[in-house]
Amino acid sequence: MTAMISVKVEGPVGLDEPQELLEELGRETGLDWRLEAVGQKGTLGGDLAFTLLEALLEGAVGAAVGVAAQRAVDTWRGRRLDPPTVTIVFQMPQAPGTPEPAQDPEPPQVPGDDVGGSAGSGTPEGS
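Read in order, the letters of the sequence shown correspond to residues 1 to 127 in full-length UniProt numbering.
Shown next as structure tokens:
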């Protein structure tokens with residue numbers, strides 16, 4: 001069975017940074033990764049840029065690869081003053097006849113990436 005792991009980088013990155021992450025992921029996981037840049041305008045123009053890195057997994061190595069991929073992402077983000085948001089997604093193959101789960105996977109929490117907060121929660125006081 002083949003599964004896929006994707007690493008999505010959201011935000012402006014330098015010209016060499018996606019290649020650096022690609023190499024870091026390859027070293028940590030031992031997998032061959034594919035790099036796809038989408039919306040490269042974000043590098044210079046301030047628009048949001050997306051970079052997607054993907055690798056195929058064979059067999060039941062998902063948990064170990066997930067830990068290695070997270071370690072590579074943490075190392076890569078640690079070398080940046082203002083690191084972009086990074087999301088790791090596993091797409092596991094379905095067994096024949098198994099219904100698709102109806103929930104989206106939660107992205108891993110990365111230090112410094114607080115989402116939401118108590119201010120402006122949208123619930124008026126006294127309701």
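Glycine is no exception: its CB is placed at the ideal position from the N, C-alpha and C atoms.
For clarity, every value in this text was computed on a predicted model and none was experimentally measured.
Item                                                                                                      : Value
The alpha helix (DSSP H) enclosing R27, as first and last residue numbers                                 : E17 to T29
Neighbourhood of L56 by C-beta, 7 angstroms cutoff - its chain only, sequence neighbours within 5 removed : T2 and M4
Among F90, Q70, R77 and V89, nearest to E28 - alpha-carbon criterion                                      : Q70
C-alpha distance - L21 paired with T87, whole-angstrom precision                                          : 13 angstroms
Bridge partner(s) assigned by DSSP for M4                                                                 : L56 and Q91
Reference G11; option with closest CA among E58, R80, R77 and F50                                         : F50
Secondary structure of V38, DSSP reduced to three states                                                  : strand
Residues near G14 by beta carbon distance below 6 angstroms, same chain, minus five either side           : none
Beta-carbon separation (whole angstroms), V89 vs S6, contact threshold 8 angstroms                        : 5 angstroms
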